[in-house]
Amino acid sequence: MASNLVKKYFREDHLPHIWCPGCGHGVLMKDVAQAVENLGLDKDKVVLVSGIGCSSRAAGYMDFNTMHTTHGRALAFATGIKMARPELEVICIMGDGDASAIGGNHLIHAARRNIGITAIVFNNDIYGMTGGQYSPTTPYGEKGTTAPYGNIDRPFDIPKVAEAAGATYTARGSAYDAVRTTKLIEEGIRHKGFSVIECASICPTYYGRKNKKGSAVDMFRWQKENSVSVEKAKTMTPEELEGKLVIGELSRSEFPELTEQYQKIIDKVQIK
Amino acid sequence: MAGKAKKLVLNVGWCKGCGVCAAFCPKGVLDLKGDKIAIVAEDKCIRCGLCEIRCPDYAIWLEEVENA
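The listed protein sequences derive, respectively, from chains G and P.
Under this note's numbering, the residues of the first sequence are numbered 15 to 286, in order.
Under this note's numbering, the residues of the second sequence are numbered 216 to 283, in order.
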């Protein structure tokens, strides 16, 4: 028994999912389904590619053409799919470690090429599936099982990294702000080049417990109280923005999309 | 044109008892009974759908009904 949206876009026999109670990923996965529904896409023309990690289980639960690949390589497989079948909507769901550590190289080069893929990063600031090791997005000073005295690295700002590498659309949403996040994902899918939507998730089991963030409800509340819209952020100082979650469309630029450029070369050199 | 009436539906088998829906319900319609969600004040429900949006486990939603 499920809602119409869940019946349409999920493999109901694979539910309930195995994510922990209160995990933000469940909310974000539904936002992806809602975005596809709002855009009126044919779900048989949508390909969902994932890597490895908690986030990447989405490819098993969602009823599109799906591919659950190796750790960090979702974008590499997705690049192959998009190059072979440019008419398909290719969406990657990745985790923070998956996208920015193990697959960091794929992320920057997919961005550099501006290939028409929508990269959605479920960022819970930790490696959840393997037991709470700190990731490239774990905030400075916060704890993980491999950072028992606090993380001494600076975290990546994934949308900034992607923008600097050439992504032509970047945005940040959150598990709390589901309605806006759905809209940002819609925009990302609609955008022709490479788009990156970082979605701030919550991991009450590992990140939350290690850092004494309270229950899932407390963590959602933290997101509610510490989210700042892009518009508001423009009026704030860097000190005021410290520790805040800036939500909204972060950047948009123009550059020819890779598969279109490639088709032009084929048309030019192919013997008729 | 008036929309169809909606009612709250639960799939308790999918509920993991995180309590997020109850905590963010603006009208106190929901509460945990044991480890699972329960509708405790259906008459107060304003059909805002926040519980459906926030439930990470798709265990609660609004469904259109013919006669409410």
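We put the CB at the ideal spot given by N, CA and C, even for glycine.
Because the structure is a prediction, the values reported are computed rather than measured.
Nearest neighbour of residue i, chosen from the options [CA to CA]
i	options	result
I216(G)	R204(G), N119(G) and Q237(G)	Q237(G)
P162(G)	Y221(G), E239(G) and L42(G)	Y221(G)
F234(G)	L259(G), D27(G), T132(G) and K246(G)	L259(G)
I134(G)	L198(G), D191(G) and G142(G)	L198(G)
A230(G)	K219(P), V227(P), V224(P) and R269(P)	R269(P)
C34(G)	C263(P), A237(P), L223(P) and P271(P)	P271(P)
Y183(G)	P270(G), N225(G), K282(G) and F170(G)	P270(G)
A192(G)	C213(G), T251(G) and M76(G)	C213(G)
Closer than 8 Å to chain C by CB, residue i
i	result
C233(P)	The chain labelled as chain C is not found among the protein chains of the depicted structure, namely G and P.
Helix, strand or coil at residue i [DSSP, three-state]
i	result
I254(P)	strand
T80(G)	strand
M216(P)	Low per-residue confidence applies at M216(P): pLDDT is 46, beneath 50, and the placement is therefore not dependable, though the value from the model is reported in the following sentence. If DSSP states are grouped into helix, strand and coil, M216(P) belongs with coil.
Y190(G)	coil
V244(P)	coil
Q277(G)	helix
G262(G)	strand
W276(P)	strand
Interface flag, residue i vs chain G, CB-CB below 8 Å
i	result
D246(P)	no
P271(P)	yes
I252(P)	no
I268(P)	yes
M216(P)	Annotation note: pLDDT 46 at M216(P) (below 50); position unreliable, coordinate value reported separately. For M216(P), the answer is no, since every Cβ of chain G falls outside 8 Å of its Cβ.
A238(P)	yes
A220(P)	no
Inter-residue Cα distance where the pair is residue i and residue j
i	j	result
V210(G)	E268(G)	14 Å
T84(G)	V244(P)	43 Å
C240(P)	L265(P)	7 Å
M216(P)	G67(G)	Here the model assigns M216(P) a pLDDT of 46, short of 50, so the residue's position is not dependable and the matter cannot be decided.
F91(G)	M108(G)	13 Å
A181(G)	H39(G)	24 Å
V244(G)	I203(G)	20 Å
I252(P)	G228(P)	10 Å
T160(G)	I122(G)	26 Å
A115(G)	S149(G)	8 Å
is_contact[residue i, chain P] using C-beta, thresh 8 Å
i	result
W33(G)	yes
L29(G)	yes
C37(G)	yes
F78(G)	no
M97(G)	no
C234(G)	The question names Cys, yet the displayed sequence has Phe at residue 234(G). It does: the Cβ of F234(G) has a partner Cβ on chain P nearer than 8 Å.
G40(G)	yes
S209(G)	no
V50(G)	no
Cβ neighbour criterion (16 or more within 10 Å) applied to residue i
i	result
E254(G)	exposed
N137(G)	buried
V255(P)	exposed
D45(G)	buried
Y154(G)	exposed
V41(G)	buried
I292(P)	Not covered by the structure: residue 292(P). The range shown for chain P is 216 to 283.
A47(G)	buried
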